[in-house]
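Take a look at the structure below.
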Amino acid sequence: SRYRPQSKAGEDDKMILTDLHVHTKEGSPCAHAPARQLVNLYKEKGFDGFMIADHNSYKGCLAWDIFKRHNKELVEGFTAIRGVEYDTKDAGHVLVIMPDHLYLPILNIRGMKLQRLLKIVHRFGGILGPAHPFGVKSSSAMHFRNMDHDLIERFDFVETFNTCESELSNTLA
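All residue numbers for the sequence shown refer to the working numbering, where the first residue is 61 and numbers rise by one.
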């Protein structure tokens, strides 16, 4: 995902390259790299940051916090957003971003219904959106019958590109 911040008068626009869906070895069984290695991998590829979004876990976020505390010079200028890829009972995977250092323990327990997740996340000042919405049927929001217009409009964002999904899935998103 690419994010272009609003510039102040007289400043040049700078494109910020950020991956908003990264898993860590500490928090997701599908990941191979620990949080401490990811910063080098992403910096080498020209990224300015990423979002840690482990499956129903803050373990990668907590590992990042420890790594960052001891390696300030390495992570200077690199942004790590802390989040979770939450596995709902009725709407697939949802990316959740809470305010800095607010880790909700309930997000470590998968299987909450989407309406409840929406209420909890918004009540605590967070934002959320469907991960890979047209991807694999068992984990992608748009394949669930309850995804009516009202629920879709309550999301704050939509993941529109995921490297693990097909071109068609990303185009539909």
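For each residue, glycine too, the CB sits at the ideal point set by N, CA and C.
Practice item. Select from Ile169, Gln97, Leu177 the residue whose C-alpha is nearest the C-alpha of Ile112. Key: Of the residues Ile169, Gln97, Leu177, the one whose Cα lies closest to the Cα of Ile112 is Gln97.
Check your understanding: Going by the CB atoms, is the gap between Ala201 and Ala151 shorter than 8 Å?
Key -> The criterion of a C-beta distance shorter than 8 Å is satisfied by Ala151 and Ala201.
Point to revise | Neighbour-count burial assignment, Glu213, 16 or more Cβ in a 10 Å radius | key: Glu213 sits exposed, since fewer than 16 C-beta atoms from the chains shown fall within 10 Å of its C-beta.
Review point. For Met75, is the classification buried or exposed, using 16 other Cβ atoms within 10 angstroms of its Cβ as the cut-off for buried?
Key: Burial state of Met75 is exposed, judged by a 10 Å Cβ sphere holding fewer than 16 other Cβ atoms.
Exercise for review: Just the C-alpha distance for Asp79 and Leu188, rounded to the nearest angstrom, thanks.
Suggested key: Roughly 16 Å separates the two Cα atoms.
Point to revise | Alpha-carbon spacing of Pro94 relative to Asp147, whole angstroms | key: Approximately 21 Å, taken between the alpha carbons.
**Study point:** Every unbroken beta strand (DSSP E) inside the stretch 93 to 126 [3 residues or more]
**Key:** Complete beta strand (DSSP E) runs here, min 3: 109 to 115.
**Study point:** Terminal residues of the beta strand (DSSP E) in which Val144 lies
**Key:** Here the beta strand (DSSP E) through Val144 covers 139 to 147.
Exercise for review: Could you spell out where the beta strand (DSSP E) holding His153 opens and where it closes?
Suggested key: 153 to 157 is the extent of the beta strand (DSSP E) around His153.
**Study point:** Residues bridged to Ile187 [DSSP beta-bridge criterion]
**Key:** For Ile187, the beta-bridge partners assigned by DSSP are Ile157.
Review point. Who are the Cβ neighbours of Val82 in its own chain at under 7 Å, not counting the five residues just before and after it?
Key: Within the same chain, Val82 has close Cβ partners Leu98, Phe110, Met111, Ile112, Ala113.
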